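> Okay, handing you the structure first.
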Ligand code: GUN
Ligand code: ZN
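Dropping the structure here:
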């Protein structure tokens, strides 16, 4: 076993959900202006202020990271690996966008070399964005799923993913039968689930693209592998939600389709959830199911505004992860997601004058935002015992943020809030983080570390 190493710098993480601390959100966070993180065998062995922790670990090799904010690695709850090359396709909403851009591109992933090259680019992009964990869709071809898991394994990154099944409303050469989806999924679960940091998600693409036979195959997989994840889409787009009942007659709403096949509950994620009813929100909450909030995508495709204040209602709180949804999301960056989430929340809030508490819950403060892409995202995915903050025992994935990176250096707010010594109080740090999420971009991500190893370092700006 390698000897423990220390990382010394300015740390910010979360111990609770800021939505539970309205008016006192800092109580959900921790800030150490001079902190020390001890890493042993890729995991966090100790964490706290330098003064306290250094006493317990003498003669330690310490890496100093000055003038930066160190946060847990970002968690992307919803992303499409085979859409890495089609970001920014003009002018379509979900259903025509899938036909025109997505299926033709994803078909190319039957070719192993094409998929392998994309997997490298995919993880390079994630790391350059500070993302260390994601839940990803693949394609209907098993080779794409294999290449994704293999590349994650080479980098020792935590990944939730699975073969993405579709047997309706796609080109014939892209679709697979329910039987072959079942057989391929079985083989992939045996090969990858809980191997290293890999976790397997049974992945019906969406109910509109699934026959009853495909969803029955998913039910069987979930019954046979109850500790697998389930990942899909739900109530994203108006036309989609109108048409879905033709494929699944007798289901009262969109969620009822997944309920009918035993797919909801802990470790279930439905992407988007824009058009969910109050009743669906309540059932999601009661069953411990999660929604992935993807504002970049929701705005890019014009799908709509997710009701964040409704999902975070304490009487029926729904677990959330936040996702880029690349390539309907036009950025790999979860900082970009926070930027868009803030604006969606402000628009929602402005339209809720008659419901001030729900309006307030839509406001994405830096505490709410950064919790959502770290510990909150991990809770949404039920992987918070593994990642999400700096609690000892968790995996040492973290991101090093540069509050002067890119346009932030010019921002008047940054120069007002930070003197040469960096942020000294938790509110100063939160203020800086708000600047990073609203003004920053990938240049704010200076380094990304996975299991205690630095896998990404930004090139020096000229
Ligand atoms: N619904 C079914 N497939 C997709 C997809 O690839 N992207 C998005 N945003 N929604 C979907
Ligand atoms: Zn998606």
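Numbering (the numbering used here), first residue to last: 127 to 588.
A virtual CB, placed ideally from N, CA and C, is assigned to each residue, including glycine.
Note that the coordinates shown come from a computational prediction; the quantities given were computed from them, not determined experimentally.
(1) Terminal residues of the continuous beta strand (DSSP E) containing residue 603?
(2) Just to be sure I understand the criterion: a residue counts if its Cβ is closer than 5 Å to at least one heavy atom of the ligand ZN. Which residues meet that?
(3) Figure out for me which residue from 407, 399, 414 has the closest Cα to the Cα of residue 421.
(4) Examine the ligand GUN and report whether any of its heavy atoms sits within less than 6 Å of the Cβ of residue 294.
(5) Quick check: what's the CA-CA separation for residue 479 versus residue 454?
(6) State whether the stretch 433-445 contacts the stretch 178-195, with contact taken as three or more CB pairs (one from each stretch) at a distance under 8 Å.
(7) Say yes only if the C-beta of residue 621 is nearer than 6 Å to one or more non-hydrogen atoms of the ligand GUN, and no if none qualify.
(8) The alpha helix (DSSP H) spanning residue 367 covers which residue range?
(9) Does the pairing of the stretch 566-585 with the stretch 223-230 give three or more beta-carbon distances under 8 Å?
(10) Tell me, please, which residues DSSP counts as bridged to residue 157.
(11) Using 10 angstroms around the beta-carbon of residue 374, count the other beta-carbons present and answer buried if the total reaches 16, otherwise exposed.
(12) Which two residues bound the contiguous alpha helix (DSSP H) that contains residue 104?
(13) Which residue marks the beginning of the beta strand (DSSP E) containing residue 312, and which one marks its end?
(14) For residue 361, count neighbouring Cβ atoms within 10 angstroms of its own Cβ and tell me buried if that reaches 16, exposed if not.
(15) Please report how far the alpha carbon of residue 284 lies from the alpha carbon of residue 449, in whole angstroms.
(16) Taking DSSP as the reference, what is the three-state secondary structure of residue 182?
(17) Is the Cβ of residue 299 closer than 7 Å to any Cβ of chain B?
(18) Kindly indicate which residue of 414, 266, 409 has the alpha-carbon position closest to the one of residue 392.
(19) Anyone know if the C-beta pair for residue 598 and residue 340 falls short of 7 Å?
(20) Residues bridged to residue 263 by DSSP?
(21) Counting C-beta neighbours from all protein chains within 10 Å, is the total for residue 586 16 or more, i.e. buried, or is it exposed?
(22) Residue 195 bridges to which residues according to DSSP?
(23) Would you mind stating whether residue 357 and residue 337 have Cβ atoms separated by less than 7 Å?
(24) Based on the DSSP output, what are the partners of residue 327 in its beta bridges?
(25) Please report the Cβ distance between residue 255 and residue 291, rounded to the nearest whole angstrom; I am assuming they are in contact, meaning their Cβ atoms lie under 8 Å.
(26) Mind checking whether residue 213 and residue 456 have CB atoms under 7 Å apart?
(27) Quick check: the Cα distance between residue 526 and residue 193, rounded to an integer number of angstroms?
(28) What does the alpha-carbon distance come out to for the pair residue 481 and residue 321?
Once the coordinates are examined:
(1) With the chain running from 127 to 588 in the structure shown, residue 603 is simply not present.
(2) 397, 451
(3) Proximity to residue 421 across 407, 399, 414 peaks at 399, based on C-alpha coordinates.
(4) At a cut-off of 6 Å, the beta-carbon of residue 294 does not count as near the ligand GUN: no heavy atom of the ligand is closer than that.
(5) 31 Å
(6) no
(7) Here the chain covers residues 127 to 588 and nothing more, so residue 621 does not appear.
(8) From DSSP, the alpha helix (DSSP H) with residue 367 extends over 364-373.
(9) Here the stretch 566-585 makes no contact with the stretch 223-230; the two share fewer than three CB pairs at distances below 8 Å.
(10) 138
(11) buried
(12) Given that the chain is displayed from residue 127 to residue 588, the structure contains no residue 104 and the question cannot be resolved.
(13) Unbroken run through residue 312 is the alpha helix (DSSP H), 304-318; no beta strand (DSSP E).
(14) buried
(15) 15 Å
(16) helix
(17) The question asks about chain B, but that chain is absent: this structure has only one protein chain.
(18) 414
(19) Because the chain is modelled from 127 through 588, residue 598 falls outside the range shown and cannot be assessed.
(20) 206, 288
(21) Classification of residue 586: exposed, given that the 10 Å Cβ count is below 16.
(22) According to DSSP, residue 195 bridges with 136, 527.
(23) no
(24) 355
(25) Contact doesn't hold; Cβ gap of about 28 Å is too wide.
(26) yes
(27) 10 Å
(28) 47 Å
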